[in-house]
Every structure is written in C-alpha cells, then in structure tokens.
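Residue numbers (full-length UniProt numbering): 1 to 406.
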Amino acid sequence: MAEFLYQARNPRGELLNGRLEAGNASAVAAFLNNNSLIPVDIREAPPPSSLQLLIERLRLRRIARKDIIMFARQLYALLRAGVPLLSAIDSLRQTYGMDTQLGRILGEVRADLDAGRSLSEALARHPQAFSELFVSLVAVGENTGNLDATLLALAGYLERDEDTAGKVKRALRYPSFVVIALAVAMAILNYMVIPQFARMFKSAHVDLPIFTKILIATSDFSTKYWWLVLLLGIALWFGARAAVNTDQGRLRWDRYRLRLPVFGSLILKSAMARFARTLQLTGKAGVPILRGIELIARATDNRFIAERLQGMKTGVERGESLTRTAQATHLFPPLVLQMIAVGEESGNIDELMGDVADFYERETAYEIEALSARIEPIMLVIMGTLVLVLALGIFLPMWDMARVAH
C-alpha cells in the first residue's frame with residue numbers, strides 16, 4: 001500500500017488536506033466519499049525527508065488516555081445500539097474531525113477495515129494510541145462476539161487507571177511547588193544575599209564560625225564558576241537519564257522506587273491493583289492466563305515488576321503452579337498470594353482478582369489522600385534545617401559583631 005496526499009471539501013465547503021494509506025487513488029476517493037467529503041486533488045505522496053520524518057514522529061506522540069477512553073465508550077454505545085462497525089468508525093471519524101490526530105488515525109483504521117483487516121489488526125498499526133492490552137482484548141472480543149462488552153470493560157479499566165494517576169499528580173503538586181520555591185530561595189540567597197554579608201564580615205575583620213566559612217566558600221565558588229555549576233548540573237541530569245535508560249539502570253531504579261519512604265508503598269499497592277484488575281479483565285475476556293500475565297508485564301511502567309512477572313510466566317510454562325511462581329517473585333503481599341491460591345484451586349481466579357483489585361484500589365486511594373500529610377513533616381524538617389544553617393552561618397557572626405560594638 002502507498003501513501004496519498006489529498007485535498008477535499010467538507011459539507012461546509014472548507015478545504016481539508018490530509019494523508020492516507022491506500023492501495024490506489026480510487027480507494028482514497030471512495031474513502032473520502034464515504035466520509036461526506038468531495039475529493040479535489042489526490043496524488044501519491046513523495047518519500048518523506050529526514051526532517052519530515054522527525055516532525056511526524058514528534059507530532060504522533062502517544063494520544064492522551066482520556067481520548068482513548070472516550071473512543072472506547074462511544075464505540076461501545078454505537079455497537080450496542082446496533083450500528084455496524086464500519087458506520088460506527090465513520091461516525092467517530094467525523095466527530096473527531098480529519099484535522100485531529102485521533103481522527104486521522106480513525107481514518108486509517110477505516111481504510112484498513114475496507115482492505116479486509118479486522119478491527120484489532122487495524123488498531124495494532126497505531127501503537128502510539130492503542131496499547132497491546134487494548135488490541136489483544138479487542139481481538140478477543142471480536143473472536144467471541146462480545147466486542148461491545150469488551151470495549152465497556154476496557155473503558156472502565158482505563159478510567160480507573162487514569163483516575164489514580166490524576167490523584168497522584170494532584171497529591172504531588174503541593175510538595176513540588178515547595179521544592180521549587182526552596183530551590184529558588186536557596187539560589188537567591190547563594191548568589192545575592194550571602195555575598196553581601198561576606199563583604200560586611202570581611203570589612204569588620206571578625207573571626208567567622210565554620211558554618212559561615214562554608215556558606216561563604218560555597219557562595220564564592222558558585223558565583224565565580226557559575227558556568228561550571230551549570231555544566232555539572234546538566235551533565236548530572238543527562239548522565240542520570242542515560243543511566244536510567246539502560247536495561248540494568250532502569251531495573252535498579254525501578255527496584256529502588258519500591259523501597260522509597262512514603263512513595264514505595266504507594267507504588268507497590270498501585271501495581272498490585274493494576275495487576276489484579278488486568279488479570280480479572282483478561283480472564284473474563286477469555287484470554288489465557290499466560291497471555292494475561294505477559295500483557296500485564298508489558299503494560300507496567302516498572303521494569304523490576306515486569307521482570308518478576310516474566311519470571312512468573314516462565315515458571316508456569318515449566319508446569320509450576322501459579323501460586324508457587326508468584327511466591328518465587330517475592331513481590332506479592334500475603335493477601336494476593338492467598339487469593340491466587342484460592343482462585344487457582346476453585347477456578348474463579350478472575351472473580352477473586354476483582355476483589356483484590358477493589359481492595360488495593362481503596363488502599364491506593366487512601367495512600368494518595370494521606371500523601372500530602374506524610375510529606376509535610378519531611379518538608380518542615382528540610383526547611384527547618386536550612387533555616388538553622390542560615391542562622392548559624394549568618395546571624396551568629398552578626399551577634400558577635402554586635403557584642404564587640406557594645
């Protein structure tokens with residue numbers, strides 16, 4: 001299939017430009033007509049330059065999850081109402097518009113459906129929008145004839161995940177502002193305030209305490225060699241990012257994240273909620289448990305947890321029980337292990353995983369609500385320490401100068 005550039009007018013007479021992959025120009029014209037557009041010009045697209053490829057890659061960033069949630073819910077509603085799949089995709093395509101990223105993707109999905117591909121195959125061609133879990137469950141829904149129910153379950157799953165992520169961001173907003181304010185205050189003190197006091201102390205010829213000498217030396221160095229401080233900061237930032245982006249570096253960092261005070265338990269409980277909810281979702285959809293564990297491992301953003309889940313999948317493939325392989329990961333709390341064991345024996349693991357997901361989602365919500373209250377004492381200790389250092393380093397010499405003056 002080749003890519004074609006086209007110009008078309010919508011029912012309001014507006015001229016639209018776009019790009020579409022199709023077998024020939026006639027297929028592009030048929031697609032435009034099906035979307036109530038009048039073709040004006042259709043020609044095969046020239047090979048893209050390196051700059052165009054870069055711009056396209058930056059433009060086609062991962063679509064916001066809320067857009068995918070809305071797409072799943074709208075497609076569910078249309079299919080539930082008896083609208084044929086092709087007509088439902090056309091309707092959503094017109095709703096989002098051909099000038100939006102999701103609308104453009106749906107246009108390509110519609111062309112793939114016309115070419116004989118299934119919906120899951122068409123969605124799989126756009127990984128920046130649809131995750132592997134989403135595509136796999138859509139494929140199961142197509143094969144079982146329960147596509148509408150699968151879309152509804154996916155929308156609910158993504159909504160819960162998005163709600164949790166939003167709560168974490170809101171909880172971290174206050175501590176982030178405090179840290180930024182402290183950094184700005186320290187920079188002002190270091191570059192503007194301390195040098196003034198240093199000149200005053202030097203003219204007074206007083207013996208300075210060790211704290212004051214350290215503050216003045218730090219300020220002098222950062223003022224004279226600010227470019228070196230800036231370069232060191234940039235080097236440390238990019239060096240840390242490069243280290244984390246390696247396989248071993250990411251593995252160590254993700255393992256360390258689970259041990260962080262305050263945040264470690266939140267990350268683990270959130271991961272348990274996602275694991276249980278995804279296992280319930282895939283189990284109800286009829287996905288084999290090995291495939292479900294693999295999907296969970298690929299969906300998680302923690303490399304350490306993903307590696308443990310892949311080891312769990314390997315153990316089950318060797319013939320070990322799910323409970324035994326879960327214990328071997330040293331990742332799951334006793335509650336999860338117990339529910340996995342009961343579910344494995346009774347054959348109702350998807351229902352029990354739903355109960356586990358409900359429990360850990362409530363625990364995660366509680367942890368998020370208590371996050372600000374737990375961070376505030378840490379912030380107070382940091383601020384108190386900074387104030388103490390400044391008091392010892394600046395005000396003690398001033399008190400000595402006042403005593404000498406009297």
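Every residue, glycine too, gets a C-beta built ideally from N, C-alpha and C.
- Only buried fits TYR6, as 16 or more other CB atoms lie within 10 angstroms of its CB.
- When secondary structure is reduced to three states using DSSP, PHE221 falls in the helix class.
- Taking one beta carbon from each stretch, the region 269-286 and the region 154-174 have 3 or more pairs nearer than 8 Å; the two touch.
- Sixteen is the threshold: since fewer than 16 other Cβ atoms of the shown chains lie within 10 Å of the Cβ of LYS224, the residue is exposed.
- The residue from ALA204, PRO84, ALA111, LEU266 with its alpha-carbon nearest to that of LYS169 is LEU266.
- Collapsing the DSSP output to three states places GLN128 in coil.
- Taking a contact as a CB-CB distance under 8 Å, the pair PHE197 and ILE394 counts as one, their CB atoms being some 6 Å apart.
- Spatial neighbours of SER372 in its own chain (CB-CB distance under 8 Å, excluding positions within 5 residues in sequence) are listed in chain order as ALA171, TYR174, PRO175.
- Per the coordinates, the alpha-carbon of ALA165 lies some 14 Å from the alpha-carbon of LEU268.
- Around the beta carbon of SER120, 16 or more other beta carbons lie within 10 angstroms, which makes this residue buried.
- For the pair of segments examined, the region 296-309 was found to touch the region 125-134: the number of CB pairs separated by less than 8 Å reaches three.
- Residue nearest to ALA124 within the set GLY116, VAL109, ASP114 is VAL109 (criterion: CA-CA distance).
- Assignment of beta-bridge partners to ASP41 by DSSP yields GLN7.
- At a Cβ-Cβ threshold of 9 Å, THR95 and GLN74 count as neighbours.
- PRO261 counts as exposed, since fewer than 16 other beta carbons sit within 10 angstroms of its beta carbon.
- Following the DSSP letters along the chain, one finds GLU21 inside the beta strand (DSSP E) bounded by residues 15-22.
- Per the coordinates, the alpha-carbon of GLU345 lies some 30 Å from the alpha-carbon of LEU147.
- Across the structure, VAL178 and GLU376 are spaced so that their CA atoms are roughly 10 Å apart.
- Rounded to whole angstroms, the gap between the alpha carbons of MET398 and LEU392 is 10 Å.
- Annotated three-state conformation of ALA2 is strand, per DSSP.
- In its chain, beyond the 5 residues on either side, MET312, PHE332, VAL336, LEU337, ILE340 have a beta carbon closer than 8 Å to the beta carbon of ALA326.
- Of all C-beta pairs linking the region 10-29 to the region 37-47, three or more are shorter than 8 Å, placing the two stretches in contact.
- If you draw a 10 Å sphere on the C-beta of ARG93, you find 16 or more other C-beta atoms in it, and that means buried.
- DSSP, reduced to helix, strand and coil, places GLU320 outside both helices and strands of the structure shown, so it counts as coil.
- Separation of ASP67 and ASP301 (C-alpha to C-alpha, rounded to the nearest whole angstrom) is 20 Å.
- According to the DSSP assignment, LEU279 belongs to the alpha helix (DSSP H) that extends over 263-285.
- The alpha helix (DSSP H) runs lying completely inside the UniProt domain "Type II secretion system protein GspF" (275-397) and spanning 4 residues or more are 289-299, 303-317, 322-328, 334-346, 349-390, given in chain order.
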